[in-house]
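Per this note's numbering: the sequence shown = residues 64 to 220.
We treat Cβ as the ideally placed atom computed from N, Cα and C, and that holds for glycine.
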Amino acid sequence: MSLKLDNFLLVDSNKEFSRDYAEYLKKHSHNKESQLIAAGDNTRHLLKMMFDNLIKDYCYCDFANEISVSELSTYLNEHHKVSGVLIPHVDYELASKEQQFIFNSLHPVRYLLKQSQDGTFTYKKITDKANINHLSCSGALPAVGENIEASLCKLDT
């Protein structure tokens, strides 16, 4: 399956897997500038990937911590228009129900990312229900918040 991966968020839970994937993308994009955004708890690794031009931006996130994911969502909604999320298939398949809830809250468009033995990567669309909430980086909630704020301002005048 071929995807247009501009402004996709990569959940970085395994630095070797993430680097292999970013290098694979760079190799197959004819050295086009990366449009991949990565988030994880190893900022040193993510910064190195950014300096190697493998990702366009990164953000710290502890995906096991709802507050950290909420901060990630706020950052992404303010600075990027995220088109979807790539989650390593092992992380999603082995995740607890609570962790899967967090993954399913990140964005309505979510794909599992799997590396084959030959080094290629495949995508599988996640069909579990998406949760649109304060953890979502799809931009839907900030617009609602602005509408509420505008309504409250009208009430004050």
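| Asked | Found |
| --- | --- |
| Environment of G147 [buried if 16+ CB atoms lie within 10 Å] | buried |
| Contact set for D115: own chain, Cβ-Cβ below 7 Å, skip 5 residues either direction | none |
| DSSP bridge partner residues for Q178 (one or two, in chain order) | F184 |
| Backbone secondary structure at L88 - three-state DSSP | helix |
| Reduced DSSP category for L215 - H, G, I as helix; E, B as strand; rest coil | Per-residue confidence for L215 stands at a pLDDT of 48, beneath the threshold of 50, marking its modelled position as unreliable; the derived number appears in the next sentence. Note: L215 maps to helix in three-state DSSP. |
| Nearest candidate by alpha-carbon position, reference E156, set E79, D191 and A85 | D191 |
| DSSP state of L117 mapped onto helix, strand, coil | coil |
| Proximal residues to K177 (C-beta, below 6 Å), its chain only, five neighbours per side dropped | H152 and T185 |
| Nearest-angstrom Cα separation, counted from G182 out to S201 | 30 Å |
| Where the beta strand (DSSP E) containing L72 begins and where it ends | F71 to D75 |
| L157 (DSSP reduced to helix, strand or coil) | helix |
| Reduced DSSP category for V148 - H, G, I as helix; E, B as strand; rest coil | strand |
| Residues that DSSP places opposite A102 in a beta bridge | V74 and C122 |
| At least three beta-carbon pairs within less than 8 Å, the region 157 to 173 to the region 85 to 98 | no |
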